[in-house]
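In UniProt numbering, the protein residues as written are 1 to 95.
In this text, a Cβ means the ideal position worked out from N, Cα and C, and glycines have one as well.
Step one of this worksheet: look at the structure below.
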């Protein structure tokens, strides 16, 4: 239940964050805020790359990611990983 409620909220939050960060690149905010948002954008991209590498390393052959999956993880981070992890667990569950 928690998974089904939090996942869409997480996706919306990340879309909002990306909207602000991309908006800052298009029309920079005034003063130091623009610089801070540039740093935040770099940190978000770096964190999502690390998450992708760790997840791919731990899941190995159980996780097959094409370009759409990689882009989804780069955009939504832990929320996309959480969704994929739930799919892997559901496939491995005894029936």
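Going by DSSP, residue 66 is part of no alpha helix (DSSP H) at all; its letter is neither H nor E. Separation of the CB atoms of residue 84 and residue 52 is rounded to 11 Å, and the pair is thereby denied contact status at 8 Å. Membership of residue 27 in any alpha helix (DSSP H) is not indicated, and neither H nor E is assigned to it by DSSP. With distances taken between CA atoms, residue 10 lies nearest to 79 out of 89, 21 and 79. DSSP places residue 34 inside the alpha helix (DSSP H), whose first and last residues are 32 to 59.
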